Amino acid sequence: MHSVTIVYCTQCRWMLRAAWMAQELLSTFDGEIAELTLKPSTGGTFEVTA
């Protein structure tokens with residue numbers, strides 16, 4: 000099982016993009032992801048790490 004973190008820029012209004020990405024990852028890798036975390040950030044950041 001994997002833990003995934005999505006760090007996204009709030010100034011860029013990327014929360015919906017991050018939420019969509021989370022949904023897609025959870026749907027695609029059903030049963031392989033134990034935990035998914037969304038972390039707000041700034042400075043144009045959009046990172047997905049596992």
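Counting in numbering that gives the first Met the number 0, the sequence shown runs from 0 upward without gaps.
Using N, Cα and C, we set each Cβ at its ideal position, and we do this for glycine too.
If you're wondering where the values come from, they're calculated on a predicted model, not measured in any experiment.
Ordered along the chain, which non-local residues of its own chain (more than five positions away) have a Cβ less than 8 angstroms from that of residue i?
i, result
"Trp13", "Tyr7, Phe45"
"Leu35", "Ser2, Val3, Thr4, Ile5, Ala21, Leu24, Leu25"
"Thr41", "Cys8, Thr9, Gln10"
How would you label residue i, buried or exposed, when you count the other beta carbons within 10 angstroms and need 16 or more for buried?
i, result
"Ala17", "buried"
Using the three-state DSSP reduction, which class does residue i fall into: helix, strand or coil?
i, result
"Glu23", "helix"
"Ala18", "helix"
"Glu34", "strand"
Which residue marks the beginning of the beta strand (DSSP E) containing residue i, and which one marks its end?
i, result
"Thr4", "1-8"
"Thr48", "45-48"
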